[in-house]
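Inspection log for the structure reproduced underneath, given as structure tokens.
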Amino acid sequence: MDKKPYLIFVASQKGGVGKTTIALNLSIALTYQDYSVLLIDSDVATFSVKEHLGIQGSGKGYIDAITGKATVADCIFSYQPVGLDLILGDTGDDTSGDVTPDSLNKFYSQVLKLSYDFIIVDGQPGLFNSTIAKYLNDVIIVTTPDNPSAISSAKLSSYCEKLKVSHRLLINRTGYSKFELTREGVERLFGDVAYATMPEDKIIPESLAKHRPAYMLDRGSGFATAIEALSRVYMLRVGEPETHTPVGGKKRRGFFGRFARWAINDTTNQDQGQG
Ligand SMILES: Nc1ncnc2c1ncn2[C@@H]1O[C@H](COP(=O)(O)OP(=O)(O)OP(=O)(O)O)[C@@H](O)[C@H]1O
Ligand SMILES: [Mg+2]
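Mapped onto the numbering used here, the consecutive letters of the sequence shown carry residue numbers 1122 to 1396.
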């Protein structure tokens, strides 16, 4: 029997703390473990998954799916080097007005009918729309290890508590300052919310320059090791991967290619692609 996908929402109160980096690398790590994963870029302020992956061109994406201009399946693009499915977004017009509680309800109920083990949503900074709370299995709250970011993240943590949404804290870019948040500081702000850390790692700027996820560039790096530990938390929740083929997955990739005209134009990706 088909299980419903496990939906992880990657959130932060402040911008630029590492949501996209974490959402993308967690998706890749789970895909490497044979889970079928759909990564959704829902950051209408700055869609950036495609920039991280060196994907160019324009195709149907998040706003088309949200507004019902295209079916969700028509908006899926398969990142062929690993077989990770994506719903991308375009930059340009201000599309935030399209995101209403009604459109979100329709979108989330549709994606949850798809056959994936995991759906990972890269969010935009700030509180997420409360209407989606009922669809989320877990929220990853990303913060950097400094007081301003952590204090604002504590708001997001209280918000999740109020909405009764399971959540955990991820302290990104640790290990480079002797003034960073201490364990006591974290516990004072977040109580007993589970938390993990991701190190500051030079593999991240390299990965951005090469348009290739850090996890694919160097699985032995400190960052990739921490991502792998995080992926194990979720693997335990979901159990073994389902054996089905994901919607945009290998067997049907050509079919979806007709609708999503995104293309990996980056030479690094083409040269090193595995499939
Ligand atoms: N662990 C890390 N080590 C080194 N640099 C990092 C790390 N995590 C993130 N960065 C850097 O921080 C910047 C922001 O990362 P990212 O785009 O993932 O953040 P974001 O929260 O998605 O931003 P936005 O709010 O704009 O969507 C990037 O330039 C990235 O290189
Ligand atoms: Mg981002």
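We put the beta carbon where it would ideally sit given N, CA and C, even for glycine.
Could you spell out the range, first to last residue, of the alpha helix (DSSP H) harbouring P1266? Careful: P1266 lies outside any alpha helix (DSSP H) and carries neither H nor E.
So is the beta-carbon of K1140 under 6 Å away from any non-hydrogen atom of ligand 1? Yes.
Cβ-heavy atom distance between T1192 and ligand 1 below 6 Å? No - ligand 1 has no heavy atom lying nearer than 6 Å to the Cβ of T1192.
Counting only runs of 4+ residues fully inside the stretch 1207-1258, write out the alpha helix (DSSP H) ranges in chain order. The stretch 1207-1258 contains these whole alpha helix (DSSP H) runs: 1222-1232.
G1137: buried (16+ other C-beta within 10 angstroms of its C-beta) or exposed? It counts as exposed.
Might you give, ordered along the chain, the residues of its own chain that have their beta carbon closer than 6 Å to the beta carbon of L1290, omitting 5 neighbours on each side? Cβ within range, chain order: I1262, F1311, V1314, Y1316.
Taking the alpha helix (DSSP H) that P1326 falls in, what are its first and last residues? Annotation for P1326: the continuous alpha helix (DSSP H) segment containing it runs 1324-1331.
Do P1320 and G1306 have their C-beta atoms closer together than 7 Å? Against a cut-off of 7 Å, the Cβ pair of G1306 and P1320 comes out as no contact.
To the nearest whole angstrom, what separates the beta carbons of R1294 and P1266, a pair I think is in contact under 8 Å? 7 Å between Cβ atoms; contact.
Taking the alpha helix (DSSP H) that T1142 falls in, what are its first and last residues? Here the alpha helix (DSSP H) through T1142 covers 1140-1153.
Identify whether Y1280 lies in helix, strand or coil by the three-state DSSP scheme. It is helical.
Flag this pair as yes or no: are the beta carbons of L1147 and S1352 separated by less than 7 Å? Contact flag set, yes.
Using DSSP's beta-bridge definition, name the partner residues of Q1134. In DSSP, Q1134 forms no bridge with anything.
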